[in-house]
Each structure stands twice: as structure tokens, then as C-alpha cells.
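Residue numbers (mature numbering (1 follows the signal peptide of the UniProt record, and there is no 0)): -22 to -1, 1 to 99.
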């Protein structure tokens, strides 16, 4: 019986010790090469597709007020999107609605896209 208890304890410890709660490990935090501009196609579309499209589709669902499907949709709403994703989780108007706040690296990339002139390609 002692051997079984010992074995279960070791297996449990192995499973529970193999976890990581860091969102930063889930995205590529590699800075862009100096002089390279952030573009919608290469950088921003993935953020939108992975975090926004489930509600901001065409037509929008779940109470979303606008579509973020195309470059034109996102570029027209860029400042509003940046403001909403920059809010802390739980603050009124924070996006994604009901989800965790985006990693700061994604928010910074979105802000850089705006500063670079909302480039498409």
C-alpha cells in the first residue's frame, strides 16, 4: 500500500509541477528589426483574428457594435481598439469582453502600427 501511495504522490507532483501561467510565453515577443514597420497583414491581423473576430465578425455578434474583419474595418477603428485593449481586465469597456487582457507586447505592437501610419502590407 505504501508503494502505491508513494507512486501516486510522485505522479501527481510530476503533473502539477509542469505548468506555466505566463501569457508572455504564448506569443512571440521578439522585437522587430530596427527600421521595420508594423503592418496589418504581417502583425495586426493575427491579433485581431485570435482575440476579436469571435464577436467582431461580419455581421457582429454578442453585442459587438462593429466588424473588424477587414483592414479597412480595423484601420477605421484603430484608436478605439487601442483604447479598449489597453484597459485593465474588469474595467468598463475593456476588450476582449470577458477575457483576459491582451499581453502588453500585443498592445505595444498595435500602438506601433498606429504610429507607423496604419500600413496594410
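Each residue gets a CB set at the ideal place from its N, CA and C atoms; glycine is no exception. Only a predicted model underlies this, so the values are computations on that prediction, with no experimental measurement involved.
Sheet register partners of residue i (DSSP bridge)
i	result
residue 97	17
From the options, residue whose alpha carbon lies closest to that of residue i
i	options	result
residue 62	72, 88, 53, 68	72
residue 77	17, 28, 24	28
residue 93	69, 24, 53, 31	53
residue 48	87, 80, 18, 82	18
residue 91	75, 40, 22	22
residue 96	41, 43, 55, 39	55
residue 98	-21, 20, 87	20
residue 83	16, -19, -20	16
Supposed contact pair residue j and residue i - C-beta distance, whole angstroms, cut 8 Å
i	j	result
residue 46	residue 31	7 Å
residue 33	residue 75	7 Å
residue 64	residue 85	6 Å
residue 51	residue 40	The pair is not a contact, with the Cβ atoms about 17 Å apart (cut-off 8 Å).
residue 60	residue 14	20 Å between Cβ atoms; not a contact.
| message | Which complete alpha helix (DSSP H) runs does the segment 12 to 63 hold, if anything under 4 residues is left out? | response | Those alpha helix (DSSP H) runs which fall completely within the segment 12 to 63 and span 4+ residues are 23 to 29, 49 to 54.
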